[in-house]
Amino acid sequence: MKFTAIIAAVVSMAAFAIAAPVPAVDEVAARQDHGMCVKGVAGQITQIPNC
C-alpha cells in the first residue's frame, strides 16, 4: 500500500470511531443520579440499606 492510502485508512477509522453513537453512556449517567446507595450483583441492582 502507498503511504497516502494508509493515512487515508487511519483517518477513515478515526472518523468512524468519533461518529459512533454511545447511548449506553447517557443511560448510565441517568441511572447514577438517584440519590441512594445501590450495588449490582449478577445483573441485579439492589439498594444498600443505611448507607
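In terms of mature numbering (1 follows the signal peptide of the UniProt record, and there is no 0), the sequence shown is residues -19 to -1, 1 to 32. In this text, a Cβ means the ideal position worked out from N, Cα and C, and glycines have one as well. Bear in mind that the values here come from a model prediction, so they are computed numbers and not experimental data.
Asked	Found
In angstroms, rounded to a whole number, what distance separates the CA positions of M17 and A(-3)?	34 Å
Looking at the strands, I want to know which residues DSSP matches up with T27.	K20
Between the beta-carbon of Q28 and the beta-carbon of V19, is there less than 9 Å?	yes
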